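Here UniProt numbering is used: the first residue of the sequence shown is 1, the next is one more, and so on.
Here is the structure we will look at.
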Amino acid sequence: MLKKDLMLFKVDFEKVYDYVDWNYLDIVMGMMSFPSSWRKWMKECIGTTTTSVLINGSPTDEFQLQRGLRQVDPLSPFLFLLAVEGLHVLMTYVVESGYSVGRHNPSVIFHLQFVNETLLLGVKN
Numbered sequence: 001m002l003k004k005d006l007m008l009f010k011v012d013f014e015k016v017y018d019y020v021d022w023n024y025l026d027i028v029m030g031m032m033s034f035p036s037s038w039r040k041w042m043k044e045c046i047g048t049t050t051t052s053v054l055i056n057g058s059p060t061d062e063f064q065l066q067r068g069l070r071q072v073d074p075l076s077p078f079l080f081l082l083a084v085e086g087l088h089v090l091m092t093y094v095v096e097s098g099y100s101v102g103r104h105n106p107s108v109i110f111h112l113q114f115v116n117e118t119l120l121l122g123v124k125n
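Take a look at the structure:
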């Protein structure tokens, strides 16, 4: 049986929506070819202090939003994935370019992203 040294690094994005640069999110959506109408709609959903919900095609009365999105909001997982897309692109570039962690005993890095956390996995060469 062949043993390998492994690495696991977990990044938990607690309160991630309190610190998201929404202009960055708009740039990411633009680079991913989201239509401008969609980007504008998302910006309004995030930046507007009042909103209403369609129920059976009819809007409810407007109500105040507090502190923007929360992790329980149905949009949150999707916006998180957009926000960490830059990390994904960077990590993919790093792995494809042959970069590794460590000077004397390098490890190849892989990553997995979930709703509000990222796992960085490494295998020692």
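Beta carbons are placed, not taken as given, at the ideal position from N, Cα and C, and that holds for glycine.
Just so you know, these numbers come straight off a predicted model, no measurement behind them.
Please report the distance separating the alpha-carbon of S63 from that of S76. Sequence index remark: in the sequence shown, residue 63 carries index 63 (1-based). Sequence index remark: in the sequence shown, residue 76 carries index 76 (1-based). In the sequence on display, residue 63 carries Phe and not Ser. Going by the C-alpha atoms only, they are around 19 Å apart.
The beta strand (DSSP E) spanning M7 covers which residue range? As a first step, residue 7 is located in the sequence shown; it is residue number 7 there, counting from the start. Start and end: L6 to D12.
Quick one: is V89 buried, meaning 16 or more other Cβ sit within 10 Å of its Cβ, or exposed? Residue 89 sits at position 89 when you count from the first residue of the sequence shown. Burial call: exposed.
Can you tell which of V123, V95 and V84 has its C-alpha closest to the C-alpha of V20? On the sequence shown, position 20 is the one that residue 20 refers to. Looking at the Cα atoms, V84 is the closest of the given residues.
Whose C-alpha, out of S97, Q113 and D61, is nearest the C-alpha of F13? Within the sequence shown, residue 13 is the residue found at index 13, counting from 1. Measuring from the Cα of F13, the nearest candidate turns out to be Q113.
Three-state secondary structure (DSSP) of K58: Looking up residue 58 in the sequence shown gives position 58. The amino acid occupying residue 58 in the given sequence is Ser; Lys does not appear at that position. S58 falls in the strand class under three-state DSSP.
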